[in-house]
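Chains as they are written, first to last, in this note's numbering: chain A, 109 to 502; chain B, 3 to 162. Here a beta-carbon is modelled for each residue, glycine too, at the ideal position from N, C-alpha and C. Single-structure report; data block below.
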Amino acid sequence: MPETSCYILDNGAYTAKVGFSTMEPKVVPNCIMKAKSERRRPFIGSQIDECRDASGLFYILPFQKGFLVNWDTQKTVWDYMFSKECCPVNFNEIPLIITEPLFNFASIQEAMTEIFFEEYECQSLLRINATDLAEYNYRKTHKNVCTIVVDSGYSYTYIVPYIKGKKFRDGIRRVDVGGKVLTNHLKEVLSYRQLNVMDETYVINQVKEDSCFVSMDFMNDMEIARKKGSENTIVKDYVLPDYTTIRRGYLRDVVRPDEDLEQQTLRMNNERFAIPELLFHPSDVGIQQMGITETIMHSLNACPEEHMESLLENIVLYGGNALFPGFRDRVYNDVRAAALDHYDVNVTVAENPITYAWEGGKMIFRDPDFYSFCMTKEEYEEEGKALAFERFDI
Amino acid sequence: MKQFLLHLDETESGRVKDADRRKVLDDAARKRRARKAVEALEQDNFHEDPHADLVMSKKVPKFADSNEKPTRKKKSKSAEYYKLRFRKTFAQLVEEDVNFRPDPPNYLSAQAPPSKFPDRHFCAVCGFPSNYTCIPCGARYCCVRCLGTHLDTRCLKWTA
Numbered sequence: 109m110p111e112t113s114c115y116i117l118d119n120g121a122y123t124a125k126v127g128f129s130t131m132e133p134k135v136v137p138n139c140i141m142k143a144k145s146e147r148r149r150p151f152i153g154s155q156i157d158e159c160r161d162a163s164g165l166f167y168i169l170p171f172q173k174g175f176l177v178n179w180d181t182q183k184t185v186w187d188y189m190f191s192k193e194c195c196p197v198n199f200n201e202i203p204l205i206i207t208e209p210l211f212n213f214a215s216i217q218e219a220m221t222e223i224f225f226e227e228y229e230c231q232s233l234l235r236i237n238a239t240d241l242a243e244y245n246y247r248k249t250h251k252n253v254c255t256i257v258v259d260s261g262y263s264y265t266y267i268v269p270y271i272k273g274k275k276f277r278d279g280i281r282r283v284d285v286g287g288k289v290l291t292n293h294l295k296e297v298l299s300y301r302q303l304n305v306m307d308e309t310y311v312i313n314q315v316k317e318d319s320c321f322v323s324m325d326f327m328n329d330m331e332i333a334r335k336k337g338s339e340n341t342i343v344k345d346y347v348l349p350d351y352t353t354i355r356r357g358y359l360r361d362v363v364r365p366d367e368d369l370e371q372q373t374l375r376m377n378n379e380r381f382a383i384p385e386l387l388f389h390p391s392d393v394g395i396q397q398m399g400i401t402e403t404i405m406h407s408l409n410a411c412p413e414e415h416m417e418s419l420l421e422n423i424v425l426y427g428g429n430a431l432f433p434g435f436r437d438r439v440y441n442d443v444r445a446a447a448l449d450h451y452d453v454n455v456t457v458a459e460n461p462i463t464y465a466w467e468g469g470k471m472i473f474r475d476p477d478f479y480s481f482c483m484t485k486e487e488y489e490e491e492g493k494a495l496a497f498e499r500f501d502i
Numbered sequence: 003m004k005q006f007l008l009h010l011d012e013t014e015s016g017r018v019k020d021a022d023r024r025k026v027l028d029d030a031a032r033k034r035r036a037r038k039a040v041e042a043l044e045q046d047n048f049h050e051d052p053h054a055d056l057v058m059s060k061k062v063p064k065f066a067d068s069n070e071k072p073t074r075k076k077k078s079k080s081a082e083y084y085k086l087r088f089r090k091t092f093a094q095l096v097e098e099d100v101n102f103r104p105d106p107p108n109y110l111s112a113q114a115p116p117s118k119f120p121d122r123h124f125c126a127v128c129g130f131p132s133n134y135t136c137i138p139c140g141a142r143y144c145c146v147r148c149l150g151t152h153l154d155t156r157c158l159k160w161t162a
């Protein structure tokens with residue numbers, strides 16, 4: 109009996125995107141946080157919005173290097189998400205779509221199947237890669253044959269080619285740079301150059317979100333950042349939050365030092381574009397891997413040549429890092445320069461890079477074959493976890 | 003020390019002359035430091051749990067918004083149960099994967115290979131492109147001013 113809605117959980121390593129297919133998704137931090145200022149309780153998921161002073165937040169994350177390893181933390185956050193406080197659901201009546209990382213390890217997959225059928229008593233379950241949902245979303249709106257999905261998230265960036273709606277496993281590539289590395293590097297750099305902010309991951313992540321951009325011409329921007337006075341169009345000050353009058357910091361032009369002395373600021377100069385640059389040159393911090401665009405070409409070369417044209421015409425970017433201004437243009441420029449001249453290159457950035465895969469889940473639920481992708485509780489009880497490995501292409 | 007130096011060839015510059023006498027990190031130590039720096043980028047927190055010294059009392063009643071009894075028939079298992087049930091470290095998982103997916107494509111084979119382009123170098127102090135290398139530790143610097151800062155603050159001061 110088909111249901112009118114389903115519950116979609118894009119279970120990211122930093123934020124989970126959760127909600128019914130009939131509603132807008134909620135973006136919930138997938139972690140437990142502890143604050144210095146609030147000694148009585150930890151903050152689970154979105155409860156952090158109730159925290160008055162978010163300085164020195166301590167993170168407890170269920171994911172490590174993009175894989176679910178801390179199950180107690182995850183269970184606590186899930187219980188919160190499925191409760192009245194966040195987005196209540198009865199899995200007895202509503203099918204669930206949940207995302208998992210590519211090449212998810214076997215024992216994590218087993219644990220996922222078990223916990224959702226036994227603990228949460230799911231009636232029907234679809235475990236799927238977030239990139240599959242993103243590709244589905246893209247294919248249904250563009251009516252194309254092949255797609256390259258670039259998922260640039262918290263733990264890493266995956267480049268996944270899809271040929272006729274199916275992921276081409278030999279072409280999948282991972283760059284081990286994601287939002288976490290960028291924030292940690294920014295923290296390290298600022299702590300050495302200006303002010304010790306090593307304890308302030310939460311705040312510095314906001315600094316990164318508010319002030320960084322992807323450079324179109326890196327060396328030229330470096331020259332601009334070297335200049336003094338009004339010729340330097342890059343340098344800005346970031347006003348840090350003080351949690352009395354300012355709850356979230358902001359970027360502003362450099363003013364004379366005697367004005368606004370009471371505000372604590374960070375000077376943002378070459379940091380503004382050298383940080384996101386790590387996505388394109390991981391070797392800048394000693395991670396000996398190709399950057400995103402070089403990896404896209406590397407992945408393409410592993411694909412059958414007859415699909416090259418269609419793949420290059422349909423590159424789609426999503427994930428938190430796709431929010432950096434200039435990200436799409438830089439990927440386009442670099443791929444255009446590297447690809448053969450007679451191919452067209454087309455790069456699209458998702459309208460909302462955070463919820464793009466979640467929206468894909470909404471669409472896949474309306475697929476006439478949706479229930480054939482799922483596994484039911486009866487099937488689980490009949491055939492056990494082995495069937496899950498056959499049915500779900502993780 | 004000064005007097006001893008005077009006996010050496012006067013045409014050599016002081017900086018070059020001193021170089022072979024200073025402690026210089028060997029290749030292995032430099033690699034170890036580089037690896038540590040990359041590992042640090044993976045850390046979740048750089049400070050201690052601010053609640054580590056708190057003793058949570060289990061007797062504190064939990065107040066709910068309503069007086070409703072939970073309607074669930076089955077008693078749900080605690081988070082602690084799943085911690086023990088599925089306890090595996092990341093390293094163990096990678097090791098297991100060799101048996102689960104022995105042939106590529108798998109987690110390890112999907113990793114992007116090293117770039118074909120040469121590394122770029124940036125000043126360890128100011129972040130601008132750099133041309134020089136600190137002799138003792140191998141860090142990069144761009145000018146004498148940055149070298150001074152580097153020597154005063156970081157050079158050989160990290161124990162790796």
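| Check | Outcome |
| --- | --- |
| Between H389(A) and chain B, is any beta-carbon pair separated by less than 9 Å? | yes |
| Who are the neighbours of D28(B) on chain A, taking C-beta pairs under 7 Å? | Going along chain A, no residue has its Cβ under 7 Å from D28(B), so there is no contact; the nearest lies around 18 Å. |
| For R360(A), collect the residues of the same chain with a Cβ closer than 7 Å to its Cβ; drop the 5 residues on either side in sequence, then sort them by chain order. | K344, D345 and V347 |
| So is K145(B) in contact with chain A if we call contact Cβ pairs under 9 Å? | The residue you asked about is not Lys; residue 145(B) is Cys in the sequence shown. Not closer than 9 Å to any Cβ of chain A, the Cβ of C145(B) fails to qualify, so no. |
| Just the Cα atoms here: how many angstroms apart are P196(A) and Y122(A)? | 21 Å |
| What residues in the stretch 134 to 167 of chain A bring their beta carbon closer than 8 Å to a beta carbon of chain B? | K142, A143, K144, R147, P150, G164, F166 and Y167 |
| Please report the distance separating the alpha-carbon of K493(A) from that of V393(A). | 42 Å |
| Look up R373(A) in the DSSP assignment and say whether it is helix, strand or coil. | Note that residue 373(A) is Thr in the sequence shown, not Arg. Here T373(A) sits in strand by DSSP. |
| If we count the other Cβ atoms within 10 Å of its Cβ and call it buried at 16 or more, is T463(A) buried or exposed? | buried |
| Which complete beta strand (DSSP E) runs does the stretch 242 to 328 of chain A hold, if anything under 3 residues is left out? | 254 to 260, 265 to 271 and 281 to 283 |
| I want to verify the contact list: residues of chain A whose CB lies under 8 Å from the CB of T91(B), in sequence order. | V177 |
| Would you say G468(A) lies against chain B (beta-carbon separation less than 9 Å)? | no |
| If I measure Cβ to Cβ from K4(B) and keep anything under 6 Å in the same chain, skipping five residues before and after, which residues do I get? | Unreliable positioning characterises K4(B) in this predicted model, as indicated by a pLDDT of 47, which lies under 50. The coordinate reading is nonetheless provided below. Cβ neighbours of K4(B) beyond the five flanking positions: none. |
| What residues from chain A crowd round A39(B), counting only those whose CB sits closer than 9 Å? | E296, V393 and G394 |
| Do the stretch 228 to 236 of chain A and the stretch 449 to 460 of chain A make contact, defined as three or more Cβ pairs closer than 8 Å? | no |
| If we cut at 9 Å on Cβ distances, does N108(B) have a partner in chain A? | yes |
| Which of the three DSSP states, helix, strand or coil, is assigned to Q113(B)? | strand |
| Apart from the five residues just before and just after Q182(A), which ones in its own chain have a Cβ nearer than 7 Å to its Cβ? | P170 and L176 |
| Please give me, in chain order, every unbroken run of the alpha helix (DSSP H) with length at least 4 that falls completely inside the stretch 343 to 428 of chain A. | 379 to 382, 400 to 409 and 416 to 421 |
| Residue range of the alpha helix (DSSP H) that A30(B) falls in? | D29 to A42 |
| Within 10 angstroms of its Cβ, does K272(A) collect 16 or more other Cβ (buried), or is it exposed? | exposed |
| Apart from the five residues on each side of it in sequence, which residues of its chain come closer than 7 Å, Cβ to Cβ, to Y143(B)? | C125, A126, V127, S132, Y134, C136, L149 and H152 |
| What residues of chain A sit near P115(B), judged by a beta carbon separation below 8 Å? | Q397, M398 and H406 |
| Consult DSSP for G337(A) and reduce its assignment to one of helix, strand or coil. | helix |
| Do the stretch 320 to 330 of chain A and the stretch 298 to 312 of chain A meet, that is, are 3 or more Cβ pairs less than 8 Å apart? | no |
| H53(B) versus chain A: which residues are under 8 Å apart at the beta carbon? | K142, R147, P150 and F166 |
| Is the beta carbon of I152(A) closer than 9 Å to that of T112(A)? | no |
| Is it a yes or a no for the stretch 193 to 212 of chain A touching the stretch 425 to 436 of chain A, going by three-plus beta-carbon pairs under 8 Å? | no |
| Excluding the 5 residues flanking E414(A) on each side, which residues of the same chain have their C-beta closer than 6 Å to its C-beta? | none |
| Report back the beta-carbon spacing between T207(A) and A447(A) to the nearest angstrom; my notes put them in contact at under 8 Å. | The pair is not a contact, with the Cβ atoms about 30 Å apart (cut-off 8 Å). |
| Check each residue of the stretch 110 to 139 of chain B: if its Cβ is closer than 8 Å to any Cβ of chain A, include it; give the result in chain order. | A112, Q113, A114, P115, P116, S117, K118, F119, D121, R122, F124, V127, C128, G129, F130 and P131 |
| Quick one: which chain B residues come within Cβ less than 9 Å of S323(A)? | Within chain B, no residue comes near S323(A); the closest Cβ sits about 13 Å away, beyond 9 Å. |
| Here's the rule I'm using: 16 or more other beta-carbon atoms within 10 Å means buried, otherwise exposed. How should E82(B) be labelled? | exposed |
| Start and end of the beta strand (DSSP E) containing I236(A)? | S232 to N237 |
| Taking the beta carbon of T341(A) as the centre, do at least 16 other beta carbons fall within 10 Å, making it buried, or is it exposed? | exposed |
| Thinking C-beta only, is M306(A) closer than 9 Å to F48(B)? | yes |
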